[in-house]
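Using this note's numbering, the first residue of the sequence shown is number 179, and each one after it goes up by one.
Here's the structure, in structure tokens; my notes come after.
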Amino acid sequence: MSDQQVRDELSELKGYTFDDKPWVTPKPLNECRVAVVTTAGLTVDNNADWNPGDQAFTLLPDDRRDFTLAHFSPNFDRTGWVVDPNVVLPLDRLDEMAAEGVIGSVADVHVSFM
179 MSDQQVRDEL SELKGYTFDD KPWVTPKPLN ECRVAVVTTA GLTVDNNADW NPGDQAFTLL
239 PDDRRDFTLA HFSPNFDRTG WVVDPNVVLP LDRLDEMAAE GVIGSVADVH VSFM
């Protein structure tokens, strides 16, 4: 799929809208639980059945590291993922930050979109 085909396919895609925009004063980072949301199209046990334009997501347990990269865009460079999975899902870095007290903790579940 070419870049123009991707643009044409996504040009009519409707996004979510939210009428209410609540304000919350954030806690200090060292008191926060942190989760990752990635658009790398990661799956666990190949459990995602994504299609072009799909807005579905899959949940990634923090205690797993055997994710599959299911992103099928021809424009997506997989080199970084192969060398270091933390490029698209920095769970090792979050674990280090939690151990150092920079963040409060790492969430039990993370989210991946295509």
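We treat Cβ as the ideally placed atom computed from N, Cα and C, and that holds for glycine.
Counting only the same chain and skipping the five closest in sequence on each side, list residues whose C-beta sits under 8 Å from that of residue i.
i       : result
Asn-224 : Thr-246 and Ala-248
What's the C-alpha gap between residue i and residue j?
i       : j       : result
Val-260 : Ala-234 : 24 Å
Gly-282 : Phe-254 : 33 Å
Met-292 : Lys-199 : 26 Å
Asp-244 : Leu-238 : 10 Å
Val-289 : Thr-236 : 6 Å
Tyr-194 : Thr-221 : 23 Å
Determine whether the beta carbon atoms of residue i and residue j lie at a separation below 7 Å.
i       : j       : result
Val-266 : Thr-216 : yes
Lys-271 : Asn-264 : The amino acid at residue 271 is misidentified as Lys; the sequence shows Arg. Yes; because the gap between Cβ atoms is below 7 Å, this pair is in contact.
Asp-240 : Val-284 : yes
| If you pair each beta-carbon of the stretch 207-218 with each one of the stretch 272-286, do three or more pairs fall below 8 Å? | yes
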